[in-house]
Each structure stands twice: as C-alpha cells, then as structure tokens.
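One structure is given below, encoded as structure tokens.
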Amino acid sequence: MMQFGTDPVSAIGFMMFLFAIFCACLGESVKKETKKRSEVHEGMERMPSYIQKQYERTSSMKDQRRFYTTDEMRVQKRPIPGVARSLSRTTYPSSRKTMTVKALRGGEFIGNRMRFKVKVLNDTQFTITDVRVFLISYPSAALRLASDDDDEFFPKIEPAGFRSPTFDFLPTQDCVRGEIIAGVSFMDMRGNAQTLTTKPFTIRSVCDLLIPDQIGPEEFAIKLKEHECGEIVVKVQEWTAEEMYEKSLHLIEDANFYEVESSSDEQDGIFHASISGLAKGKYTGKSIGVKILVSGPANQKGASCTIQVTGEDQAMILPAIDDLRERLSAWLCPLCGSPLTLQNVEDLKDGKAVVCPFCNVSIGR
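The working numbering applies: residue 13 is where the sequence shown begins, and numbers increase by one.
Right, dumping it as structure tokens:
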C-alpha cells in the first residue's frame, strides 16, 4: 500500500493532483455531452416543426428512469377506455360453417306402391365409412316392404357427397295412416360410431289408393244414404268463389274420384256451386263418395267450401277429409291444376303475376 507522509505540503499536493484528474475527466464528459447535444440539435433542426415541439416536451431517458420505475409503471397501467370498450364489444364471425352429416327423407305414392327415400349428405371435409341406412318404424298394419331388406349399406361417402337409398312399400289397406322413421349409422373420421335419426315422415293417404267408380246421379244419391258421413268447412281469403269452383273440379279428378255431377249459379250477387264424385278402394273395393259445396260473393275474394265425405268403411272418412282439405288449400294453376311453387305463391300474395312452371300460362291476381 502506498504510504504518504505526514507533511502538510505533501498532503495538499496530493489532493491537488486528484482534483486535476477529476477536472480532466469531467471536462471529457462535458465534451461528449456537448457533442451529443450538438448532434441531437442538428438532427432536430432537420425535423419538421411539429415533431420538434413533441420532442422538446419529452423527458430525457435519465428523468424517465428516475421517476418511472418498472413497478410504478405496472401499477399505473390503465386501459384506454374507448379502445377497451370497443375491443370488449367486438365480435368476429366464424369463418367456418357448421359441417355435419345430415339425414333427410321424403316419399310419394307411385302407381300402386309407396316409395320412401332417405338422403345421407356428408357435409364435412372428411370421408365417412360403413354407412348403413335402416328402417326404424313404419305402419306395418297398412304397408309391407316390397323386398326382404329393410336396410342399405355403403362402404363410404366422400366429402360433399351423398347417397339416396329408397324403400318401396305395398299398401295392404285402402287407408294408410302413420309415420315412417329411418336411422343412419356410420364411422366418422376419428373412427367413432355415430347414429342419426330422420324426422318422422307422416303418411295420411286415401285418395292415392282409390280408383274412379263410374255411377249415375240417382245411384249416387242412394249410396250416400247407406254410408257413414263426415264433413269440414274450409274458408279461403285469397281466392274468389268462382276460382274455388274451378279448383274443386281439378281436385275431384286429381283425387281419383269420378265426377258424378257438377253445377253452379249466381243469385243476388252470391255464387253457389256443387260438385260430387265417387271412388272405391283398390284393395277392399269399398265405396267412398265426396261432395264439395262452394259459396261466396260473386267475383270477390273470399269463399266458403264445405267438404262432405261418405264411405262404407268408417276408417276411410277422416283421412279422406284431411287429404281433400290439404289439396283444396294448396295453390294450383287454374288451367292445368298443377301445384305452384312457394315463390309463385309469395308473388301472387304480393299482387304480382306469375307463370305456371308446368303449362307456362300467366296467372294474375
């Protein structure tokens, strides 16, 4: 260790030496700071005026480190109210649509059989395998399968692909009422077994299982006295009584009834019409008669239609009334009697003219 004497002169000389070194270091630091400030000043002179003003308001890094420590900044951190509220209320629509396997169903009477169809739609991005479509329930008292198989098997269905197996039934009665329900089983992309069930398909049919029975008005009146009877009143606001009369004439033919007689007249501004028909069941041969009475203001919208059904078999009456009521309430082309599309119906309700998709006739309200 360096030793210093006790002479006061030596001590004063040593202190002056240290002071000279300190001044030299301070001067060097001042030069560097001055040079740095000069560079900053020169840089600021090249900046736009509005940036210079913002820069002058900004504290130095030394001041910022002295007054804003990490802990203080963490405590003082606050969300910007407007931005925070906007972010919390912002929702982003999903870019991926719901993708599933769907089981659809439908059916119709074709000739002497009922055809039930199931459509399995693979609306996913993956192939499904071991697809089996099977019948769960159907009115076996009135229908029997045309084949021995009550299921269909498909090894796979590709993405966006589908399969549409059909099941044919043969009616065993003139009146068919009930529901058909089918199931679908398959293996998904993860190898898991999945099962779907279709919505019930309701069958309530009599007219599709009838054949016209030609008869005279006198014999028809006699048969009506021997049959059970039921009736329902249907009121319509979209059609005139004259239009409902024309519609009923098409209905009698479409429902497989023989038109026994029909008549219409107008009295005191009120239109009246009557139509009667007779048919018999394909399987039992039992007779069923219908009489439709139409009345309403002449050439004005709004009419009342009474449907009377008589039959040898009481079980056929109510299903036949329901069947005829649905057909009468449907929107049909006044020329060819074909059903109009849903869009045609909406356009007609809005007062627009439409074109029949079957006979191309123009229909206006």
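Where a beta carbon is used, it is the ideal one built from N, C-alpha and C, also for glycine.
All figures in this text were calculated on a predicted structure; none of them were measured in a lab.
_Under 8 Å between C-beta atoms of Met316 and Lys247_ = Position 304 of the sequence shown, counted from the first residue, corresponds to residue 316. Position 235 of the sequence shown, counted from the first residue, corresponds to residue 247. Reading off the sequence, residue 316 comes out as Ser, not Met. Result yes, Cβ atoms of Ser316 and Lys247 sit closer than 8 Å.
*Cα separation between Arg337 and Cys241?*
In the sequence shown, residue 337 corresponds to position 325, counting from 1. In the sequence shown, residue 241 corresponds to position 229, counting from 1. The straight-line gap from Cα to Cα measures roughly 16 Å.
*Looking only at DSSP bridge pairs, what is Gln206 linked to?*
Counting from one through the sequence shown, the residue named residue 206 turns up at place 194. Here Gln206 is bridged, per DSSP, to Phe198.
*asked:* My output table needs one value for Val357: the three-state DSSP class, helix, strand or coil.
replied: Along the sequence shown, read from residue 1 onward, the residue named residue 357 stands at position 345. Val357: helix per DSSP, three-state reduction.
*asked:* I need the DSSP call for Cys187, collapsed to helix, strand or coil.
replied: Here the question's residue 187 lines up with position 175 in the sequence shown. In the three-state scheme derived from DSSP, where H, G and I count as helix and E and B as strand, Cys187 is classed as coil.
*State yes or no: is the C-beta of Gly195 within less than 8 Å of the C-beta of Phe128?*
Translated into the one-based positions of the sequence shown, residue 195 becomes position 183. Translated into the one-based positions of the sequence shown, residue 128 becomes position 116. Contact: no.
*Just grab the DSSP bridge partners of His284 for me.*
One-based indexing of the sequence shown puts residue 284 at position 272. Answer is Asp277, Ser307, bridged to His284.
_Close-in-space but distant-in-sequence residues of the same chain around Asp225 (CB under 7 Å, 5 per side omitted)_ = Here residue 225 refers to the residue found at position 213 when the sequence shown is read from its first residue. The residues are Tyr270, Leu290, Ala291, Lys292, Ser299.
*How is Glu338 classed by DSSP in three states: helix, strand or coil?*
On the sequence shown, position 326 is the one that residue 338 refers to. In this structure, Glu338 counts as helix in the three-state DSSP scheme.
*Helix, strand or coil: how does DSSP classify Phe121 here?*
Mapped onto the sequence shown, residue 121 falls at position 109. DSSP places Phe121 within a strand segment (E or B) once states are collapsed to three.
*Count the other C-beta atoms from every protein chain shown that fall within 10 angstroms of the C-beta of Thr214, then say buried if there are 16 or more, exposed otherwise.*
Here residue 214 corresponds to residue number 202 of the sequence shown, with the count starting at 1. With fewer than 16 Cβ atoms within 10 Å of its Cβ, Thr214 is classed as exposed.
_Using 8 Å for Cβ pairs, my map puts Arg156 next to Phe121. What's the rounded Cβ distance?_
By one-based count along the sequence shown, residue 156 stands at place 144. By one-based count along the sequence shown, residue 121 stands at place 109. Actually they do not touch by this definition, with Cβ atoms about 15 Å apart.
*Kindly indicate which three-state DSSP category Lys211 falls into: helix, strand or coil?*
Start at 1 with the first residue of the sequence shown, and residue 211 comes out as number 199. The answer is coil: DSSP assigns Lys211 none of H, G, I, E or B.
*Minimum C-alpha distance to Lys237 - residue among Ile375, Thr322, Glu250*: Numbered from 1 along the sequence shown, position 225 holds the residue referred to as residue 237. The shortest Cα separation from Lys237 among Ile375, Thr322, Glu250 belongs to Thr322.
*Coarse secondary structure for Tyr270, derived from DSSP in three states*: On the sequence shown, position 258 is the one that residue 270 refers to. The three-state secondary structure of Tyr270, taken from DSSP, is strand.
_Burial state of Asp335 (16 or more Cβ within 10 Å)_ = Translated into the one-based positions of the sequence shown, residue 335 becomes position 323. With 16 or more Cβ atoms within 10 Å of its Cβ, Asp335 is classed as buried.
_Helix, strand or coil for Leu290? Go by DSSP, reduced to three states._
As a position in the sequence shown, residue 290 is number 278, starting the count at 1. DSSP, read as helix, strand or coil, puts Leu290 in strand.
*Go ahead and pull the three-state DSSP assignment for Ser260.*
Counted from its first residue, the sequence shown places residue 260 at position 248. Residue state, collapsed to three classes: helix.
*How about Thr141 and Phe198: do their beta carbons lie closer than 8 Å?*
Position 129 of the sequence shown, counted from the start, is the residue given in the question as residue 141. Position 186 of the sequence shown, counted from the start, is the residue given in the question as residue 198. With contacts defined by Cβ atoms closer than 8 Å, Thr141 and Phe198 form a contacting pair.
*Go ahead and label Glu231 buried or exposed: buried means 16 or more other beta carbons lie within 10 angstroms of its beta carbon, across all protein chains shown.*
The residue labelled residue 231 in the question sits at position 219 within the sequence shown. So Glu231 counts as exposed.
*Report all residues from its chain with a CB closer than 8 Å to the CB of Pro212; omit the five preceding and five following residues, and keep chain order.*
For the purposes of this step, residue 212 is taken as the residue at position 200 of the sequence shown. The residues Glu191, Ile192, Ile193, in chain order, have a CB closer than 8 Å to that of Pro212 in the same chain once the five nearest residues on each side in sequence are set aside.
*For Leu155, which three-state DSSP category applies?*
Translated into positions along the sequence shown, residue 155 becomes position 143. In this structure, Leu155 counts as strand in the three-state DSSP scheme.
*According to DSSP, residues forming a beta bridge with Ser299*: Residue numbering aside, residue 299 sits at position 287 when the sequence shown is read from its first letter. Lys292, per the DSSP bridge assignment.
_Beta carbon of Thr318 nearer than 8 Å to that of Glu243_ = Taking the sequence shown and counting its residues from 1, the one referred to as residue 318 is at position 306. Taking the sequence shown and counting its residues from 1, the one referred to as residue 243 is at position 231. Yes, the pair counts as a contact, with Cβ atoms nearer than the cut-off.
_Using the Cβ count rule (16 or more neighbours within 10 Å means buried), how would you classify Gln312?_
Numbered from 1 along the sequence shown, position 300 holds the residue referred to as residue 312. Exposed.
*For Phe179, name the three-state secondary structure that DSSP assigns.*
Position 167 of the sequence shown, counted from the start, is the residue given in the question as residue 179. Phe179 carries a strand assignment under DSSP once its states are collapsed to helix, strand and coil.
*My understanding is that Phe174 touches Val132, with C-beta atoms under 8 Å, so please give their C-beta distance in whole angstroms.*
Counting from 1 along the sequence shown, the entry for residue 174 is found at position 162. Counting from 1 along the sequence shown, the entry for residue 132 is found at position 120. Separation of the CB atoms of Phe174 and Val132 is rounded to 6 Å, and the pair is thereby assigned contact status at 8 Å.
*What does Gly323 pair with, by DSSP beta-bridge criteria?*
On the sequence shown, position 311 is the one that residue 323 refers to. Answer by DSSP bridge pairing, in chain order: Glu240, Ile300.
_Rounded to the nearest angstrom, what separates Ile333 and Leu222 at their Cα positions?_
Walking along the sequence shown from the start, residue 333 turns up at place 321. Walking along the sequence shown from the start, residue 222 turns up at place 210. So the two alpha carbons sit approximately 14 Å from each other.
*Hey, how far is the Cα of Ala285 from the Cα of Thr178?*
The count along the sequence shown starts at 1 and reaches residue 285 at position 273. The count along the sequence shown starts at 1 and reaches residue 178 at position 166. In this structure, the straight-line span from the alpha carbon of Ala285 to that of Thr178 is close to 43 Å.
*So, are the CB atoms of Arg216 and Pro331 less than 8 Å apart?*
As a first step, residue 216 must be located in the sequence shown, where it is residue number 204. As a first step, residue 331 must be located in the sequence shown, where it is residue number 319. Taking 8 Å as the Cβ cut-off, Arg216 and Pro331 qualify as a contacting pair.
*How long is the line joining the alpha carbons of Met13 and Phe26, rounded to whole angstroms?*
Residue mapping note: residue 13 aligns to position 1 of the sequence shown, counting from 1. Residue mapping note: residue 26 aligns to position 14 of the sequence shown, counting from 1. For Met13, the predicted model reports a pLDDT of 45, less than 50, meaning its position is unreliable; a value from the coordinates is still stated below. Taking the CA atoms as reference points, Met13 sits about 16 Å from Phe26.
*For Arg339 versus Asp266, is the C-beta distance shorter than 8 Å?*
Here the question's residue 339 lines up with position 327 in the sequence shown. Here the question's residue 266 lines up with position 254 in the sequence shown. Cβ atoms of Arg339 and Asp266: closer than 8 Å.
*Is it the case that the Cβ atoms of Glu250 and Phe283 are separated by a distance below 8 Å?*
Numbered from 1 along the sequence shown, position 238 holds the residue referred to as residue 250. Numbered from 1 along the sequence shown, position 271 holds the residue referred to as residue 283. The answer is no: Cβ separation not under 8 Å.
*Helix, strand or coil: how does DSSP classify Cys368 here?*
Residue 368 sits at position 356 when you count from the first residue of the sequence shown. Coil at Cys368, not helix or strand.
*Per DSSP, Val373 is paired with what?*
As a working mapping, residue 373 is identified with position 361 in the sequence shown. Beta-bridge pairing links Val373 to no other residue.
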